[in-house]
Amino acid sequence: MIDCRLWGKSQGLTDAYPLIGHLLDTGVVAGALWDGFLAASQQRAVIDALQVSADDARSLVVFWAALHDVGKIHPRFQAHASDRPLCAALLAEDRYAHRRHRDSRAKPVGHQVVTARVLPELLVESGYGGDDGRRPAELVVAQVAQLLGGHHGRYPEHPSGDPFRPVRDLPEIGVGGWHDQRRAHVSALREVLGHPAAAPCGDRLPTEVAVVVSGLVVVADWLASQDDFVGRQQRHDADAGGLGTVDSLRSHAARSAAEAPGLLSGAGLGRAQFAARDFRGYFPTITTPHPLQTSVDSELAASGTFDGGPGILLVTAPPGEGKTEVALSAAAAMGRASGCPGVAFLLPTRATADQLYGRVVAFGRENLLGEAQLTLLHGAADLNEQYVPEPRTLITDPAPARCGASVSAGRWLRTRGRGLLAPLSVGTIDQALMAVLPLRHNALRQLGLSGKTVIIDEAHAYDAFTHALLLRLLVWLGALRTPVILLSATLTGRTATGMVEAYLTGTGRRPGSYELPSPSYPGWLYADAATGAVTVPREPIDTNRPTTLDIDLRPVTHTYDPAAEDGRLATLIAELAPVAASGGCAAVICTTVGEAQQTYAALREHFREPHGPAAGPRLRLLHARFPGWRRGAITAEAESWFGRVGKEGVRRPTPPQGTILVSTQVIEQSLDMDFDLMVTDLAPMALLLQRAGRVWRHAATAPYRPQWCHGPRLVVLAPVVDNEFRTPRTWGDVYAPSLLRRTQELLERRRGQPVRVPGDVQELVDGVYDEEFASKDPDKLLAEDIDRLSDEMAHRALAGLVMVPKPADVDSLSVLTSSDADEDIIATRLGADTVLTLPVFDDAEGGRWLDEECAVPFPMKGDRFGRDGRRAFSRALVRELLGYVVPLAYGPWRKACTSANEPPTGWQHEPKLAGIILLPHVSGPEGSVGPVLGDRRLTLDHELGLVAERLM
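Under this note's numbering, the first residue of the sequence shown carries the number 8, and numbering increases by one thereafter.
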């Protein structure tokens with residue numbers, strides 16, 4: 008007989024909720040998730056691993072999910088509600104007597120650990136045994152117990168003692184009535200929810216399957232724990248006379264089953280379904296597809312190559328060849344064929360993710376059937392104005408050929424850690440890389456990724472540390488049988504094949520059992536996960552827009568003295584003179600934010616001196632160190648000037664006034680901008696070619712080109728001292744000197760020889776990494792190469808220390824969640840650690856403001872009251888405050904911060920605000936001046952952004 012006084016939920020409830028009710032709810036919701044959320048590929052993986060029928064696999068998952076909180080039946084947990092009369096009476100009964108002096112002296116164990124410890128014994132009693140009643144089931148029951156014990160995000164370690172006699176090592180779990188009730192709850196769950204006649208025994212589940220089941224249990228628990236749902240269940244149970252009989256438990260479970268689909272719908276959980284179309288059907292406005300797009304569509308999607316199941320598709324092509332459209336159409340086809348209908352589109356930066364979000368929304372509106380929600384995943388997603396806070400439901404009309412609604416995500420999916428559970432996701436790559444770091448709840452990321460086709464854009468854009476994590480992620484995605492699409496404009500052949508090999512390793516393919524050719528350029532390569540068969544284009548892929556790019560290498564002395572004829576500034580002014588005189592659009596890309604600020608200030612002084620502030624070329628500065636609202640405004644303005652002609656909102660500047668954008672690397676990836684001329688500091692060859700993709704990008708811009716501009720041209724400023732290459736000290740370690748030297752020397756050899764795009768691109772990219780590279784100064788290059796390779800080796804080794812093992816190498820699930828780190832502060836881009844700063848402005852009367860004009864007051868506390876009665880921040884106020892935040896690279900200045908830089912006490916309970924560093928500004932004779940921290944003064948300037956002035 009179930010004792011309904013044993014409670015499972017009490018916080019925020021008038022009466023405690025019986026544990027048996029919560030266990031039934033969670034199991035039933037897990038069944039609804041199986042039916043309406045899990046992708047067909049995920050279901051198939053569980054079925055194959057258990058070697059049972061589909062119905063039996065579902066039944067097992069439901070039963071296991073229901074067991075997740077059986078560990079709450081122990082004295083310490085139940086005593087948490089001892090102030091409630093029913094619980095007090097229960098604890099006073101002899102059968103629940105507990106001798107606390109016998110408890111272990113270790114720290115109190117959580118109920119989830121108790122679940123993991125008691126379940127092996129309970130499962131064996133439920134029939135999870137072999138001929139001898141125990142040992143053949145040891146592996147599977149121990150694993151099931153561990154994955155259920157991980158429902159709070161961290162898998163407990165396997166016990167060191169006998170797993171089937173937990174009281175010996177952990178007497179605090181309770182005996183007598185406690186053990187009897189645990190057994191009674193398990194028996195009741197099995198009777199009400201059902202269970203296959205033959206319980207699984209023998210080998211444990213593959214790790215990649217175990218984490219999917221674990222993630223599903225976590226989601227079921229969260230959905231079944233929502234206060235409004237629990238309240239409705241309590242009222243129904245009270246009206247029905249309680250939960251004291253098997254019939255009442257069945258009625259309770261039936262009510263849960265009736266409500267469960269609504270819980271999924273309210274949370275935005277479901278499956279995406281794309282219409283089955285060819286490329287032209289997905290993108291009817293593209294009247295002349297690029298050959299790359301046509302090739303992938305005809306040779307892979309239409310030919311049935313994708314029908315064999317999941318695989319990995321590598322697409323390499325210059326910017327502007329339509330790789331994004333290739334990826335979206337291929338993802339729809341690959342997902343449909345492999346039973347992974349969702350899409351996760353991952354990019355290197357927040358700016359590129361923001362830019363792509365709108366394109367995925369548009370694709371979804373036109374091609375999705377039924378409901379789906381789309382999440383934007385990065386630390387500043389709430390600042391994206393398109394990412395509205397309320398869901399917009401897709402409207403399906405079977406009659407029209409196309410849908411016409413939005414796909415934005417609702418509140419439940421926007422909560423931390425849940426975003427990848429949405430059917431569709433766009434975000435930064437770190438959101439997926441955290442799935443291979445030993446963080447709490449990484450099962451949710453693994454669950455979310457495994458039901459999707461994962462698209463990784465700009466696959467070339469990562470350092471050695473991040474690349475190592477990416478390779479491990481690809482191994483996991485291969486094991487999860489997740490379709491993957493890799494996109495790159497400038498990926499070396501060795502790197503490309505290495506990523507495909509990592510994926511195939513995850514699928515179980517051994518190196519040497521397949522042959523990977525070097526990818527063509529432009530081109531694609533597809534490897535089937537099941538067979539390892541590799542498909543490549545039948546013939547070379549042409550392009551609609553072959554171009555000849557002039558790359559002018561200009562050796563310059565790194566000085567801002569305009570009188571120095573061979574100086575950087577003088578050369579820059581000379582190159583931009585036609586823009587100033589006759590109009591046109593030019594970009595200047597600098598290596599660091601400080602260099603961009605100094606370059607902008609020098610050009611502003613030069614061009615405004617003869618023309619005045621209202622004349623001369625328009626100048627704009629764009630980099631990452633602006634407040635969010637300001638950076639958004641500058642980016643929108645730049646896109647309206649330099650975007651694709653014909654796109655809504657684009658108004659190309661017309662002569663005679665020119666327009667110059669000074670920027671950093673933020674514009675080289677995924678932003679659709681088109682310049683007549685680009686001048687850039689020296690960078691590794693792959694990045695130079697990536698930047699060149701923003702020069703003469705669109706044919707539609709031709710009527711707007713100035714007369715002085717006769718073709719795409721990239722001017723590269725190479726720093727020299729006494730005619731010898733030398734990296735400026737102000738560049739720091741942004742780029743490896745050996746790659747810069749190799750790039751410079753390779754360009755010198757080609758001086759006067761134009762670059763054929765795409766014909767010469769792969770050769771140039773691979774040439775920089777040639778092991779037989781013949782340098783003018785081999786000794787210096789050797790020393791620099793040793794430094795670079797040593798640094799990369801150290802970064803790869805560090806990644807190896809922090810990332811989780813390959814699925815096949817996991818002996819215990821506990822290694823997957825062994826870190827105590829907070830995912831919000833995990834920086835998966837080594838060396839890219841940033842601190843969120845908030846410039847604030849103090850007036851003479853002691854007031855504090857968010858703007859220099861002292862028009863927006865600084866809030867000391869939240870604008871509403873939370874459940875606990877304390878002041879809290881609304882989402883709207885948090886979003887507004889984050890719009891004023893400026894990211895700044897971590898450095899010695901951070902160690903110099905004091906209590907004056909800490910946010911108010913009233914901010915400490917808001918996670919997105921608690922870690923912000925305040926930069927108090929005071930008024931001076933020439934405007935506001937920021938604080939001195941270490942050897943830097945940090946001052947926010949409206950035009951320049953946050954300036955880190957080095958003090959002598």
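Don't be surprised by glycine CBs; every beta carbon is placed ideally from N, CA and C.
Do you know offhand how far residue 670's Cα is from residue 805's?
Linking residue 670 to residue 805 through their CA atoms gives a straight-line distance of about 32 angstroms.
Report buried or exposed for residue 292, applying the criterion of at least 16 other Cβ atoms within 10 angstroms of its Cβ.
Using a 10 angstroms sphere on the CB of residue 292, the tally of other CB atoms stays under 16, which defines it as exposed.
Do residue 623 and residue 587 have their C-beta atoms closer together than 8 angstroms?
Yes. Within cutoff.
Secondary structure at residue 292, three-state DSSP: helix, strand or coil?
Residue 292: coil per DSSP, three-state reduction.
Can you list, in chain order, the residues of its chain with a C-beta nearer than 8 angstroms to that of residue 817? Leave out the 5 residues immediately preceding and following it.
If we look at residue 817 and ignore the five residues flanking it on each side, its Cβ neighbours are 214, 811, 823.
In this structure, how does DSSP classify residue 375 when only helix, strand and coil are distinguished?
Strand, per DSSP.
Helix, strand or coil: how does DSSP classify residue 837 here?
No answer about residue 837 holds up, because its pLDDT of 38 lies below 50 and its placement is not dependable.
On the criterion of 16 or more Cβ atoms from any shown chain inside 10 Å, does residue 398 qualify as buried, or is it exposed?
The predicted position of residue 398 is uncertain, since its pLDDT is 34 and thus under 50; no value can be drawn from it.
I want to know whether the segment 747–760 touches the segment 774–786 - three or more CB-CB distances under 8 angstroms.
Under the Cβ criterion (8 angstroms, minimum of three pairs), the segment 747–760 counts as touching the segment 774–786.
To the nearest angstrom, how far is the alpha carbon of residue 202 from that of residue 257?
Taking the straight line joining both Cα atoms gives about 15 angstroms.
Counting beta carbon pairs with one atom in the segment 151–169 and one in the segment 113–133, are three or more of them shorter than 8 angstroms?
These segments touch.
Would you report the Cα separation of residue 450 and residue 246, rounded to the nearest angstrom?
C-alpha separation (whole angstroms): 38 angstroms.
Does the distance from the CB of residue 128 to the CB of residue 171 come in under 8 angstroms?
When the beta-carbon positions are compared, residue 128 and residue 171 come within less than 8 angstroms of each other.
Exposure label - residue 645; buried when at least 16 CB within 10 Å
Answer is buried; the Cβ neighbour count reaches 16.
Nearest-angstrom Cα separation, counted from residue 221 out to residue 56
Rounded to whole angstroms, the separation of the alpha carbons of residue 221 and residue 56 is 14 angstroms.
Helix, strand or coil: how does DSSP classify residue 156 here?
Secondary structure of residue 156 (DSSP, three-state): helix.
Considering only residues of the same chain and omitting the five flanking positions on each side of residue 17, which have a CB-CB separation below 8 angstroms?
Cβ neighbours of residue 17 beyond the five flanking positions: 23, 24, 87, 88, 91.
Could you pull out every residue in the same chain whose Cβ sits closer than 6 angstroms to the Cβ of residue 350, ignoring the five residues on either side in sequence?
Excluding sequence neighbours, residue 350 sits near 338, 431, 459, 460.
Does DSSP put residue 487 in a helix, in a strand, or in coil?
It is coil, neither helix nor strand.
Beta carbon of residue 911 nearer than 8 angstroms to that of residue 959
Cβ atoms of residue 911 and residue 959: not closer than 8 angstroms.
If contacts are defined as beta-carbon pairs under 8 angstroms, then residue 723 and residue 754 qualify, I think. What distance do you get, rounded to the angstrom?
That belief holds up - the Cβ atoms of residue 723 and residue 754 are roughly 7 angstroms apart, short of 8 angstroms.
Any contact of the segment 326–337 with the segment 280–290, i.e. 3+ C-beta pairs under 8 angstroms?
Taking a contact to require three or more Cβ pairs closer than 8 angstroms, the segment 326–337 and the segment 280–290 qualify as touching.
Option in 636, 311, 590, 884 with minimal Cα separation from residue 663:
If we check each option's Cα against that of residue 663, 590 comes out closest.
Tell me whether residue 793 is buried or exposed, calling it buried when 16 or more other Cβ atoms sit within 10 Å of its Cβ.
Exposed, because fewer than 16 other Cβ atoms sit within 10 Å of the Cβ of residue 793.
For the segment 382–389 and the segment 880–892, state whether three or more C-beta atom pairs, one from each stretch, are separated by less than 8 angstroms.
Contact between the segment 382–389 and the segment 880–892 is present: 3 or more CB-CB pairs across the two stretches fall below 8 angstroms.
If you drop the 5 nearest sequence neighbours on each side, which residues of the same chain put their C-beta closer than 6 angstroms to that of residue 675?
Excluding positions up to five away in sequence, the list reads 697, 698.
In angstroms with no decimal places, state the Cα-to-Cα distance between residue 12 and residue 314.
Computed Cα separation, rounded: 54 angstroms.
Taking a contact to mean a Cβ-Cβ separation below 8 angstroms, would you say residue 28 touches residue 244 in this structure?
When the beta-carbon positions are compared, residue 28 and residue 244 come within less than 8 angstroms of each other.
Using CA atoms only, rank isn't needed, just tell me which of 226, 650, 552, 709 is closest to residue 44.
Sorting 226, 650, 552, 709 by C-alpha distance to the C-alpha of residue 44 places 226 at the top.
What residues are listed by DSSP as bridge partners for residue 591?
Answer by DSSP bridge pairing, in chain order: 665.
If we call anything under 8 angstroms between Cβ atoms a contact, is residue 429 one with residue 275?
Yes, the Cβ-Cβ distance between residue 429 and residue 275 is below 8 angstroms.
Does the count of Cβ pairs from the segment 31–50 and the segment 64–72 closer than 8 angstroms reach three?
Between the segment 31–50 and the segment 64–72 there are three or more C-beta pairs closer than 8 angstroms, enough to call the two in contact.
Every unbroken alpha helix (DSSP H) within the segment 888–958, with a cutoff of 4 residues, ordered by chain:
Within the segment 888–958, the complete alpha helix (DSSP H) runs of at least 4 residues are 899–902, 918–921.
Could you tell me whether the Cβ atoms of residue 712 and residue 683 are closer together than 8 angstroms?
Pairing residue 712 with residue 683 gives a Cβ-Cβ distance under 8 angstroms.
What did DSSP end up calling residue 731 once you bin it into helix, strand or coil?
It is a strand residue.
Just how far apart, CA to CA, sit residue 358 and residue 190?
When only Cα atoms are considered, residue 358 and residue 190 end up about 54 angstroms apart.
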